[in-house]
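Protein chains in written order, with UniProt numbering: chain A, 1 to 138; chain B, 1 to 138.
Ideal Cβ placement from N, Cα and C applies to all residues, glycine included.
None of these values were measured; they are calculated from a predicted model.
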DNA sequence: AGCAAAGGTCTCTATTTGAGACCTGCACTC
DNA sequence: GAGTGCAGGTCTCAAATAGAGACCTTTGCT
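See the structure below:
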């Protein structure tokens, strides 16, 4: 029996072009722009917030009601992250008490295309995944 | 000045068809199939693991080297989650010491389409987001 | 004066993550 | 035949993050 099993690893490439950027030497994972965006855009709550805002602009408390199990803290933080990235807009109306409305920017709208594709994939494959989970005995 | 600012909320719909499922009364957010899948599929590490496996099948320690800042613990957990959902396969080779290879299943392959779209979106809009972050003064 | 309302913040606790030591089983060296 | 190395994990403990919910602020209404 061989001592070292062959590492038939993608050293020779998986047929996808050259070595990806993030594999090149001297690449700092913590500084990866794609990661830093995905961490906001593909995080648990932000996806749900974006799905809500895709229905239409909404105010803070409305979002809180729409996402019954989010905490104020995480909603605030998620909204700030998305605002910071220019994905949503925050508008304060000068009423008493003041109202704050959140809505997708054009950039945010453009994000919904791929994001909805992912959500649709989840919905479409929910059944087959449920079966896989049943079968799985560790 | 009006006391109650108008809640021009999507009560009347945002022009997207009927009320979404997750807004219907009696819907339990914790039991949402889409959420339960997204929590695995769109989580920080699983996305990166999947991107790695999209290059080609790889073994545990190879993944560990490829993702220099993941901990053994999270790698194991991420791989288990994906395996449980039928998105990746785990094959043990009977060598000494035993080798374990992970690879995308057909289901996993089908996931890469929307996932890569999201990654591509991040890459494409990295610049404009970087500018937005600069501008943002809270 | 006292209360209510929107949109937060603050504090305290519970859950997740991360770092890294340790485990297992066998082939190989000495 | 004791010691060492390796793959692929698990375990423990500390640090970071999330959640629950009290509290804050400003102004209009009663």
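Chain A within 8 angstroms of residue i, Cβ atoms only
i                      : result
residue 50 of chain B  : no
residue 25 of chain B  : no
residue 55 of chain B  : yes
residue 31 of chain B  : no
residue 136 of chain B : yes
residue 68 of chain B  : yes
residue 9 of chain B   : Note that residue 9 of chain B has pLDDT 47, beneath the 50 cutoff, so the model's placement of it is unreliable and no number is given.
Within-8 angstroms CB hit, residue i to chain B
i                      : result
residue 146 of chain A : With chain A represented from 1 up to 138, any question about residue 146 of chain A goes unanswered, as that position is not in the structure.
residue 71 of chain A  : no
residue 39 of chain A  : yes
Through-space distance from residue j to residue i, alpha-carbon basis
i                      : j                      : result
residue 22 of chain A  : residue 124 of chain A : 31 angstroms
residue 104 of chain A : residue 84 of chain A  : 12 angstroms
residue 66 of chain B  : residue 20 of chain B  : 40 angstroms
residue 122 of chain B : residue 86 of chain B  : 26 angstroms
residue 59 of chain A  : residue 78 of chain A  : 14 angstroms
residue 75 of chain A  : residue 28 of chain A  : 30 angstroms
residue 136 of chain A : residue 82 of chain B  : 11 angstroms
residue 93 of chain B  : residue 48 of chain A  : 41 angstroms
residue 37 of chain B  : residue 133 of chain B : 30 angstroms
residue 107 of chain A : residue 126 of chain B : 11 angstroms
residue 116 of chain A : residue 57 of chain A  : 17 angstroms
residue 30 of chain B  : residue 138 of chain B : 33 angstroms
residue 12 of chain A  : residue 18 of chain A  : Only weak support exists for where residue 12 of chain A lies, its pLDDT of 40 falling under 50; the coordinates are left without a value.
residue 64 of chain A  : residue 73 of chain A  : 10 angstroms
residue 62 of chain B  : residue 39 of chain A  : 23 angstroms
residue 120 of chain A : residue 24 of chain B  : 18 angstroms
residue 26 of chain B  : residue 97 of chain B  : 52 angstroms
residue 91 of chain B  : residue 80 of chain B  : 13 angstroms
residue 71 of chain B  : residue 71 of chain A  : 28 angstroms
residue 131 of chain B : residue 95 of chain B  : 52 angstroms
residue 111 of chain B : residue 111 of chain A : 18 angstroms
residue 33 of chain A  : residue 43 of chain A  : 15 angstroms
Which listed residue (the options) has its alpha carbon closest to that of residue i
i                      : options                   : result
residue 100 of chain B : B/88, B/108, B/106        : B/88
residue 167 of chain A : A/35, A/71, A/53, A/40    : Because chain A spans 1 through 138 in this model, residue 167 of chain A falls outside it and cannot be assessed.
residue 50 of chain A  : A/129, A/131, A/113, A/26 : A/113
residue 45 of chain B  : B/30, B/106, B/69         : B/69
residue 129 of chain A : B/97, B/73, B/61, B/35    : B/35
residue 55 of chain B  : B/109, B/118, B/138, B/40 : B/109
residue 118 of chain B : B/91, B/41, B/97, B/32    : B/41
Distance cut-off 7 angstroms: residue i Cβ against heavy atoms of the ligand GDP
i                      : result
residue 129 of chain B : As for the ligand GDP, it is missing from this structure, which has no ligand bound.
Amino acids of chain A, ordered along the chain, whose beta-carbon sits closer than 7 angstroms to that of residue i
i                      : result
residue 45 of chain B  : The contacting residues do not exist; residue 45 of chain B stays about 11 angstroms from chain A at best.
residue 111 of chain B : 121
Chain B residues whose Cβ lies nearer than 7 angstroms to that of residue i
i                      : result
residue 107 of chain A : 125, 128
Contact list for residue i against chain A, beta-carbon separation under 9 angstroms
i                      : result
residue 103 of chain B : By Cβ distance, chain A contributes nothing, its closest Cβ being about 10 angstroms from residue 103 of chain B, past 9 angstroms.
Fill in: Within 7 angstroms of chain B by C-beta, residues of the region 84-96 of chain A in sequence order
84, 85, 86, 93, 95, 96
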